[in-house]
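Undergrad: Residue numbers (the working numbering), protein chains in the order written: chain W, 389 to 576; chain L, 389 to 576; chain H, 389 to 576; chain G, 389 to 576.
Quick reminder that beta carbons are idealized off the backbone N, C-alpha and C, glycines included.
Nothing here was measured: the structure is a model prediction, and the numbers come from that model.
Take this structure, written in structure tokens, and hold onto it; I'll ask about it next.
Protein chains: 4
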Amino acid sequence: MPRPKSQDKRSAIIDAATRVIVSQGLSAPTALIAKEAGIANGSLFTYFATKTELYNQLYLELKTEMARTAIKNMPADGNPRDRLFTAWQNWTTWSTKYPDKRKAMGQLAVCDEITAETRAAGHRAMQPIVGLLEEIRANGSMSKVPMPFVGGLMNSIAEATMDYMAQDPKKAKEHAKVGFEALWRLIS
Amino acid sequence: MPRPKSQDKRSAIIDAATRVIVSQGLSAPTALIAKEAGIANGSLFTYFATKTELYNQLYLELKTEMARTAIKNMPADGNPRDRLFTAWQNWTTWSTKYPDKRKAMGQLAVCDEITAETRAAGHRAMQPIVGLLEEIRANGSMSKVPMPFVGGLMNSIAEATMDYMAQDPKKAKEHAKVGFEALWRLIS
Amino acid sequence: MPRPKSQDKRSAIIDAATRVIVSQGLSAPTALIAKEAGIANGSLFTYFATKTELYNQLYLELKTEMARTAIKNMPADGNPRDRLFTAWQNWTTWSTKYPDKRKAMGQLAVCDEITAETRAAGHRAMQPIVGLLEEIRANGSMSKVPMPFVGGLMNSIAEATMDYMAQDPKKAKEHAKVGFEALWRLIS
Amino acid sequence: MPRPKSQDKRSAIIDAATRVIVSQGLSAPTALIAKEAGIANGSLFTYFATKTELYNQLYLELKTEMARTAIKNMPADGNPRDRLFTAWQNWTTWSTKYPDKRKAMGQLAVCDEITAETRAAGHRAMQPIVGLLEEIRANGSMSKVPMPFVGGLMNSIAEATMDYMAQDPKKAKEHAKVGFEALWRLIS
DNA sequence: GATGAATGAGGCTTCATTCAT
DNA sequence: GATGAATGAAGCCTCATTCAT
Chain W
389 MPRPKSQDKR SAIIDAATRV IVSQGLSAPT ALIAKEAGIA NGSLFTYFAT
439 KTELYNQLYL ELKTEMARTA IKNMPADGNP RDRLFTAWQN WTTWSTKYPD
489 KRKAMGQLAV CDEITAETRA AGHRAMQPIV GLLEEIRANG SMSKVPMPFV
539 GGLMNSIAEA TMDYMAQDPK KAKEHAKVGF EALWRLIS
Chain L
389 MPRPKSQDKR SAIIDAATRV IVSQGLSAPT ALIAKEAGIA NGSLFTYFAT
439 KTELYNQLYL ELKTEMARTA IKNMPADGNP RDRLFTAWQN WTTWSTKYPD
489 KRKAMGQLAV CDEITAETRA AGHRAMQPIV GLLEEIRANG SMSKVPMPFV
539 GGLMNSIAEA TMDYMAQDPK KAKEHAKVGF EALWRLIS
Chain H
389 MPRPKSQDKR SAIIDAATRV IVSQGLSAPT ALIAKEAGIA NGSLFTYFAT
439 KTELYNQLYL ELKTEMARTA IKNMPADGNP RDRLFTAWQN WTTWSTKYPD
489 KRKAMGQLAV CDEITAETRA AGHRAMQPIV GLLEEIRANG SMSKVPMPFV
539 GGLMNSIAEA TMDYMAQDPK KAKEHAKVGF EALWRLIS
Chain G
389 MPRPKSQDKR SAIIDAATRV IVSQGLSAPT ALIAKEAGIA NGSLFTYFAT
439 KTELYNQLYL ELKTEMARTA IKNMPADGNP RDRLFTAWQN WTTWSTKYPD
489 KRKAMGQLAV CDEITAETRA AGHRAMQPIV GLLEEIRANG SMSKVPMPFV
539 GGLMNSIAEA TMDYMAQDPK KAKEHAKVGF EALWRLIS
């Protein structure tokens, strides 16, 4: 095996891209991302063949991290509401703790360059939460609604909640609770 | 008086931009928009000083049209639920009827180039609906929640609903109803 | 004869061009000149077929005005030194009084667009002064030097003098005198 | 280390710009300069951030070269007249040898894009010659005249002389002598 | 003649990507 | 692998000039 590509450098690029996307938007030059990552502009292409490739991997990485964080330390048993609430808290807390990651992910989500495959993989990462949701809504007012629709509603409520938490961070926890109650009323 | 600046041509540009943004994204060349509008390259700049200016005006125009459509023919009296439902139907129907307009608006909404002023004006256009919402939630479970947060939740549910309607157009009407019931459970 | 082109408008354009060239340089848009002249942008081309044409006419007009001013009220007789001094004063005073005209003329003089014909006509306008100079130098140290060279030297001294007068306007008169004495030493 | 920024390439651009300015004027496209320099379009901007930057550096480089050439091999002692004459010869010979450089410098000198700093640096480069001049005029007829004015006069005589030398190159040397005598009469 | 909208060629510059070192 | 100079396609916008009104 030749000198392996450094994992550190890969991470540095991913992190730099996150920051740069937040501050300059998706049209930020790759050269700027490289500079921010502390590497030469051509080196970026050793780790990611194209800018699109970088964006796709970044998107997926962020989405996966978010999803993983959400279900971390979730009690395997316990009543469904508590379990969903735990996930909800993990999720929204993550967004408060890493606002750049959320912002970058938001930009990437609407950008043409993210492929259908990447999006699909992102959805898969969210599967555990969606599963939980499915279980919960089974006996509620949305029992007949197609699951993807319910998932979309949950997501959109989460987004709205996190947006508002970001706007008024002092009461973030409180807003998270309000959002959760709203979600609960929707699906239960 | 020479050729006056033609309203038709302005509209042609606005329409062309809508279509082109949908098919090529926000980074589409102005030249393509001009071509699509059937005018010369440079003529676009007679009507909009810069691409950013075009995007801002387009965004506001779409948002305003959407908001106006939503409250059209809304009975001045009648119970609040019926009135909100009428608006909801107008709104979601519009999005089904003009999917490009909604898509373009979605892209523009997340783009850095849309100024704070434009966004503020967009919010003002939505005011009538927000007012209706405010009235309704006064006695409901969200009576203590800040209005902007409630507005954001409504919007996000609308978006999720319209997304799903677009994915499964045959049952659009049904999905709109589901979305509305979800909203109603949230605020009432 | 149809409605004649208005002489006023022509002058307005000429004056506007002078001002605009001073403030924006030769690459100033014709549209700006038109605006400054208080006419529509297309109207400029009724009076001057092309921008180059305008610049050529403007150059010649400025040069001619300068030359005419220089020899105005010059005593037909009197000793040559006094006559040249009168011209010199007229000339340098004009440049002080109309700094924009001098500046614009300076820009135009070095610009490719001024044709050889225009330059030749400009030289012809200076002929009376050059004639005076010729007479004077006949018995001086430059009697054998080709006249165009002597003319060039005079011109360059005049330019240097007017430049310095413009830089230190309070002592303009004094500087003009110094310049004249320098010239005199050169040719007498 | 990758390909280092090549001094050759920088020079090629500087030289190409000189030639192109002479043949096409200051409004010549950067693309043409690049082509003439044998490099790609965009490479020019690796060496000079903007066209203005290129023009400023070119101007300064030409002015500096001219000034350095003028004082080259000037005897440290010797009488002032001889020393000034040596400089004068060096100076005018340079202009004859590199007519394009002089022409380009002339265009640049009158162009708005050359900054005050660049002009100041150009003046500094001329300082040695101006110093010589100052010494000489101390006891002459211009002893009371502000030095910048005297410097301006010298310059203008040099310009007029070099113009005439260029027009009649066969007698260039002779004309240079005439110009020098004229200058000497002025300041001694 | 006057107006100012329409035209479209062209210029400067940016930037993803390649490649010599 | 790492570097950063080299490449050249492309984009936004300007502007002299034309032409419909």
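Here's a check: name, in chain order, each residue in its chain whose Cβ is nearer than 7 Å to the Cβ of G/Ile402, leaving out the five neighbours to either side.
TA: Counting from one through the fourth sequence, the residue named residue 402 of chain G turns up at place 14. A distance below 7 Å between beta-carbons, with the five flanking residues on each side excluded, links G/Ile402 to the following residues of its chain, in chain order: Leu446, Glu449.
Undergrad: Going by the beta-carbon positions, is the gap between L/Asp470 and L/Thr406 smaller than 8 Å?
TA: Here the question's residue 470 of chain L lines up with position 82 in the second sequence. Here the question's residue 406 of chain L lines up with position 18 in the second sequence. In this structure, L/Thr406 does not lie closer than 8 Å to L/Asp470 by Cβ.
Undergrad: By Cβ distance below 6 Å, which residues in the same chain neighbour W/Glu501 in space, the five residues on each side in sequence not counted?
TA: Translated into positions along the first sequence, residue 501 of chain W becomes position 113. Excluding sequence neighbours, W/Glu501 sits near Thr440, Tyr443.
Undergrad: Taking L/Arg398 as the reference, which of L/Ser411, L/Gly413, L/Ala428 has the closest Cα?
TA: To locate residue 398 of chain L, count along the second sequence from 1; it is residue 10. The residue with the shortest Cα to Cα distance from L/Arg398 is L/Ala428.
Undergrad: Between G/Asn510 and G/Lys451, which are expected to be in contact by the criterion C-beta below 8 Å, what is the C-beta distance as a whole number of angstroms?
TA: Along the fourth sequence, one-based indexing puts residue 510 of chain G at 122. Along the fourth sequence, one-based indexing puts residue 451 of chain G at 63. Asn is not the amino acid found at residue 510 of chain G; the sequence shown has Gly there. With a Cβ gap of about 4 Å, G/Gly510 and G/Lys451 count as contacting.
Undergrad: According to DSSP, is W/Tyr443 part of a helix, a strand, or is it coil?
TA: As a first step, residue 443 of chain W must be located in the first sequence, where it is residue number 55. Three-state result, W/Tyr443: helix.
Undergrad: Could you check whether L/Met550 and L/Arg490 sit closer than 8 Å to each other, using their CB atoms as the reference points?
TA: By one-based count along the second sequence, residue 490 of chain L stands at place 102. By one-based count along the second sequence, residue 550 of chain L stands at place 162. L/Met550 sits close to L/Arg490, with the two beta carbons spaced by under 8 Å.
Undergrad: For L/Ala424, is the classification buried or exposed, using 16 other Cβ atoms within 10 angstroms of its Cβ as the cut-off for buried?
TA: Stepping through the second sequence from its first residue, residue 424 of chain L is reached at position 36. A small fix is needed here, since residue 424 of chain L is Glu in this sequence, not Ala. Buried, because 16 or more other Cβ atoms sit within 10 Å of the Cβ of L/Glu424.
Undergrad: State the DSSP-derived secondary structure class of W/Ala504, mapped to helix, strand or coil.
TA: Looking up residue 504 of chain W in the first sequence gives position 116. In this structure, W/Ala504 counts as helix in the three-state DSSP scheme.
Undergrad: If the cut-off is 8 Å on Cβ atoms, which residues from the segment 551 to 574 of chain L count as contacting chain W, listed in chain order?
TA: Asp551, Tyr552, Gln555, Asp556, His563, Val566, Gly567, Glu569, Ala570, Arg573, Leu574
Undergrad: When you compare the CB positions of L/Ala564 and L/Trp482, do they come within less than 8 Å of one another, or not?
TA: As a working mapping, residue 564 of chain L is identified with position 176 in the second sequence. As a working mapping, residue 482 of chain L is identified with position 94 in the second sequence. Taking 8 Å as the Cβ cut-off, L/Ala564 and L/Trp482 do not qualify as a contacting pair.
Undergrad: Give the residues from the segment 519 to 532 of chain L that approach chain W closer than 8 Å (Cβ to any Cβ), ordered along the chain.
TA: Ser529, Met530
Undergrad: I want to verify the contact list: residues of chain W whose CB lies under 8 Å from the CB of L/Asn444, in sequence order.
TA: For the purposes of this step, residue 444 of chain L is identified with residue 56 of the second sequence, where counting begins at 1. In chain order: nothing, as chain W lies at least about 15 Å away.
Undergrad: Counting only C-beta atoms, is L/Val498 closer than 8 Å to chain W at any point?
TA: Here residue 498 of chain L is taken as the residue at index 110 of the second sequence, counted from 1. Output row for L/Val498: interface = yes.
Undergrad: Compare the Cα-Cα distances from L/Ala492 to each of W/Val498, W/Ala492, W/Phe473, W/Trp479 and report the closest residue.
TA: To locate residue 492 of chain L, count along the second sequence from 1; it is residue 104. Here the closest residue by C-alpha is W/Val498.
Undergrad: Determine whether the Cβ of W/Leu541 lies closer than 8 Å to any Cβ atom of chain L.
TA: Counting from one through the first sequence, the residue named residue 541 of chain W turns up at place 153. Taking Cβ atoms only, chain L reaches closer than 8 Å to W/Leu541, which makes this a yes.
Undergrad: Does DSSP put G/Gly494 in a helix, a strand or coil?
TA: Reading the fourth sequence from its first residue, position 106 is the one you call residue 494 of chain G. The answer is helix: DSSP assigns G/Gly494 an H, G or I state.
Undergrad: Taking the alpha helix (DSSP H) that L/Gly567 falls in, what are its first and last residues?
TA: Translated into the one-based positions of the second sequence, residue 567 of chain L becomes position 179. Run containing L/Gly567: 560 to 575, per the alpha helix (DSSP H) assignment.
Undergrad: Is the segment 566 to 573 of chain W touching the segment 526 to 535 of chain L in the sense that three or more CB pairs, one from each, lie closer than 8 Å?
TA: They touch, by the three-pair rule.
Undergrad: Starting from L/Ser483, trace the alpha helix (DSSP H) both ways and give me its first and last residue.
TA: Counting from one through the second sequence, the residue named residue 483 of chain L turns up at place 95. Element bounds for L/Ser483: 468 to 485.
Undergrad: Three-state secondary structure (DSSP) at L/Met462?
TA: Here residue 462 of chain L refers to the residue found at position 74 of the second sequence. Three-state result, L/Met462: coil.
Undergrad: Within the 8 Å Cβ cut-off, does W/Ala405 reach chain L?
TA: By one-based count along the first sequence, residue 405 of chain W stands at place 17. Not an interface residue.
Undergrad: From the beta carbon of H/Ile517, is the nearest beta carbon of chain G less than 8 Å away?
TA: Here residue 517 of chain H is taken as the residue at index 129 of the third sequence, counted from 1. With 8 Å as the cut-off, H/Ile517 does not count as an interface residue toward chain G.
Undergrad: In the segment 414 to 443 of chain L, which residues sit with their C-beta less than 8 Å from some C-beta in chain W, listed in chain order?
TA: Those residues of the segment 414 to 443 of chain L that come within reach of chain W (Cβ to Cβ, closer than 8 Å) are Ser415.
Undergrad: Label H/Thr438 either buried or exposed according to how many other C-beta atoms from any shown protein chain fall within 10 Å of its C-beta, with 16 as the threshold for buried.
TA: The sequence position of residue 438 of chain H within the third sequence is 50, counting from 1. By the neighbour-count rule (16 or more Cβ atoms within 10 Å), H/Thr438 is not buried but exposed.
Undergrad: Compare the C-alpha of H/Arg456 against each of H/Arg512, H/Lys559, H/Thr484 and name the closest.
TA: The sequence position of residue 456 of chain H within the third sequence is 68, counting from 1. Selected option, being the one with the closest Cα: H/Arg512.
Undergrad: Taking beta-carbon pairs under 8 Å, can you tell me which members of the segment 469 to 502 of chain G lie near chain H?
TA: Gly494, Gln495, Val498, Cys499, Asp500
Undergrad: So which of L/Pro390, L/Asp556, L/Met514 has the shortest CA-CA distance to L/Glu453?
TA: Translated into the one-based positions of the second sequence, residue 453 of chain L becomes position 65. When only C-alpha atoms are compared, the closest one is L/Met514.
Undergrad: I need the boundaries of the alpha helix (DSSP H) containing H/Arg525, first residue and last residue.
TA: Walking along the third sequence from the start, residue 525 of chain H turns up at place 137. For H/Arg525, the uninterrupted alpha helix (DSSP H) segment begins and ends at 515 to 525.
Undergrad: Does any C-beta atom of chain L lie closer than 8 Å to the C-beta of W/Glu505?
TA: Start at 1 with the first residue of the first sequence, and residue 505 of chain W comes out as number 117. Chain L contact via Cβ: absent.
Undergrad: Please state the DSSP three-state secondary structure of H/Pro557.
TA: Counting from one through the third sequence, the residue named residue 557 of chain H turns up at place 169. In the structure shown, H/Pro557 sits in a helix (DSSP, three-state: H, G or I).
Undergrad: Mapping DSSP to helix, strand and coil, what is L/Leu414?
TA: In the second sequence, the residue the question calls residue 414 of chain L occupies position 26. DSSP places L/Leu414 in coil when its eight states are reduced to three.
Undergrad: According to DSSP, simplified to helix, strand and coil, what is H/Lys489?
TA: In the third sequence, the residue the question calls residue 489 of chain H occupies position 101. Reduced to three states, the DSSP call for H/Lys489 is helix.
Undergrad: Using only alpha-carbon positions, find the residue among G/Lys393, G/Ala570, G/Ser544, G/Ala458 that is nearest to G/Tyr435.
TA: The sequence position of residue 435 of chain G within the fourth sequence is 47, counting from 1. For G/Tyr435, the nearest C-alpha among the options comes from G/Lys393.
Undergrad: Verify the CB distance criterion: does H/Ile545 have a CB-CB separation below 8 Å to chain G?
TA: The residue given as residue 545 of chain H occupies position 157 in the third sequence. So yes, H/Ile545 belongs to the interface.
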